[in-house]
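K.L.:
Residue numbers (our numbering): 406 to 468. Ideal Cβ placement from N, Cα and C applies to all residues, glycine included.
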């Protein structure tokens, strides 16, 4: 048997740069658009835990 596992990790250039700058002690804000689904909520929670300010995060109710 070869059990597989799957891990979801938020990323993308903007988030990766924001995460790195925040980890280095900088004040960071992020502007983006997310869906109003579970993944969008999880992403906003993740950004908050990283101490990144959600400057202008729009929630798209059609996603």
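Between 418, 410 and 433, which has its C-alpha nearest residue 454's C-alpha?
P.N.:
Of the listed residues, the one whose Cα sits closest to residue 454 is 433.
K.L.:
Buried or exposed: where does residue 423 fall if 16 or more other Cβ atoms within 10 Å of its Cβ makes it buried?
P.N.:
Flag for residue 423 reads buried.
K.L.:
Report the CB separation of residue 366 from residue 440 in whole angstroms; it is logged as a contact under 8 Å.
P.N.:
Residue coverage of the chain in this structure runs from 406 to 468, which leaves residue 366 outside it and unanswerable.
K.L.:
From which residue to which residue does the alpha helix (DSSP H) around residue 426 run?
P.N.:
Here the alpha helix (DSSP H) through residue 426 covers 418–428.
K.L.:
Since residue 454 sits in a beta bridge, which residues does DSSP pair it with?
P.N.:
Beta-bridge pairing links residue 454 to no other residue.
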